[in-house]
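Reading through the structure tokens given below for one structure.
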Amino acid sequence: MYAIQELVYRSLGEQSKHEVRKTLSDSLKQRNRNKLFKNIDRLLNDGELSAEFAEKLRGVLGISRAELNHALDLTSQEKQREADEQYFNSLGPHIRIRTQGPLPSPLLAVIMTDKKLRTISLPDEAPDLPIEQQFQLVTATIKDYLKSNGDAVKFFGKISSFDFIPDVNTCYRFSNSGDLVSRKSERPSFPMGSIRIGGRSYSGDSMGNVLATDCVSPDSTKQENSIKG
Numbered sequence: 001m002y003a004i005q006e007l008v009y010r011s012l013g014e015q016s017k018h019e020v021r022k023t024l025s026d027s028l029k030q031r032n033r034n035k036l037f038k039n040i041d042r043l044l045n046d047g048e049l050s051a052e053f054a055e056k057l058r059g060v061l062g063i064s065r066a067e068l069n070h071a072l073d074l075t076s077q078e079k080q081r082e083a084d085e086q087y088f089n090s091l092g093p094h095i096r097i098r099t100q101g102p103l104p105s106p107l108l109a110v111i112m113t114d115k116k117l118r119t120i121s122l123p124d125e126a127p128d129l130p131i132e133q134q135f136q137l138v139t140a141t142i143k144d145y146l147k148s149n150g151d152a153v154k155f156f157g158k159i160s161s162f163d164f165i166p167d168v169n170t171c172y173r174f175s176n177s178g179d180l181v182s183r184k185s186e187r188p189s190f191p192m193g194s195i196r197i198g199g200r201s202y203s204g205d206s207m208g209n210v211l212a213t214d215c216v217s218p219d220s221t222k223q224e225n226s227i228k229g
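Residue numbers (full-length UniProt numbering): 1 to 229.
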């Protein structure tokens, strides 16, 4: 259960989803009842709510704006962690290729469906090796890749560096020749959200290797609250 859902249950003193749904539907005033039920179900099932609905919900729950925003911030962080884990699990341990060229437009990203476009797969057991052996494996893998594919990626330009991502929380930077740049790990950044093209939704899982962002330092990013409309 997401933080925003826990806040709703706790504030209403209800135990079941059915009871919460009924209480909210009886308490919230909205002319379009179908839209109201849809908003309630999005909240209870997915932890999502619009800014307008959030303000109405705050009045019914009798909570402060600070309490609501805190729960929304926590929910956003929880959802991002889930998305990061899903994205990483779809790839397993891997090396991400960083290039000097710009990322393509979302439409081009969808067209270019090659899963290997900006990543190099590693054995699933790679993270279980001693750290020095992991680094040796990555260096050897990068050098083999460069020998076979050259130092540029089609559509993306010249390779600037590589990111070794053994798990969802760890990232090491390697140079464009395959040498370890720093033993200090950073936190990998994974694609967020989705886009819609021609009525279809494309998530980070389907576009990830093309739109993937680079490693980021843990203290250089801040979680931002976003409320889906």
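Ideal Cβ placement from N, Cα and C applies to all residues, glycine included.
Source: prediction; values computed, not measured.
{"query": "Per-residue DSSP class, three states only, for Met-1", "result": "coil"}
{"query": "Spatial neighbours of Lys-56 in its chain, beta-carbon cut-off 7 Å, leaving aside the 5 residues before and after", "result": "Leu-28"}
{"query": "Simplified DSSP assignment, three categories, for Arg-62", "result": "At residue 62 the sequence reads Gly, which differs from the Arg that was named. DSSP places Gly-62 in coil when its eight states are reduced to three."}
{"query": "Boundaries of the alpha helix (DSSP H) in which Arg-33 is found, first to last residue", "result": "33-46"}
{"query": "Exposure label - Glu-186; buried when at least 16 CB within 10 Å", "result": "buried"}
{"query": "Within 8 Å, strictly: CB atoms of residue 230 and Val-153", "result": "Coverage of the chain is limited to positions 1 through 229, which leaves residue 230 absent and any answer about it impossible."}
{"query": "Residues near Val-126 in its chain [Cβ-Cβ closer than 7 Å; skip 5 each side]", "result": "For the record, residue 126 in the displayed sequence is Ala; it is not Val. For Ala-126, where only same-chain residues beyond five positions count, the Cβ hits under 7 Å are Pro-93, Gln-134, Leu-137 and Pro-166."}
{"query": "Spatial distance of Lys-35 from Arg-58 (CA atoms)", "result": "18 Å"}
{"query": "Candidates Arg-10, Gln-15 and Glu-52: closest to Gln-30 by CA position", "result": "Glu-52"}
{"query": "Backbone secondary structure at Arg-96 - three-state DSSP", "result": "strand"}
{"query": "Cβ pair Tyr-2, Glu-67 closer than 8 Å", "result": "no"}
{"query": "Per-residue DSSP class, three states only, for Pro-166", "result": "strand"}
{"query": "Reference Leu-180; option with closest CA among Leu-12, Phe-164 and Pro-188", "result": "Phe-164"}
{"query": "Extent of the continuous beta strand (DSSP E) run through Ser-121", "result": "119-121"}
{"query": "Where the alpha helix (DSSP H) through Lys-29 begins and ends", "result": "Note, Lys-29: premise wrong, no alpha helix (DSSP H); not H, not E."}
{"query": "Length of the line joining the Cα atoms of Glu-85 and Gly-47", "result": "18 Å"}
{"query": "According to DSSP, residues forming a beta bridge with Val-153", "result": "Gly-157"}
{"query": "Whether Ile-4 touches Ala-71 by CB criterion (8 Å)", "result": "yes"}
{"query": "C-alpha distance - Leu-24 paired with Glu-132, whole-angstrom precision", "result": "56 Å"}
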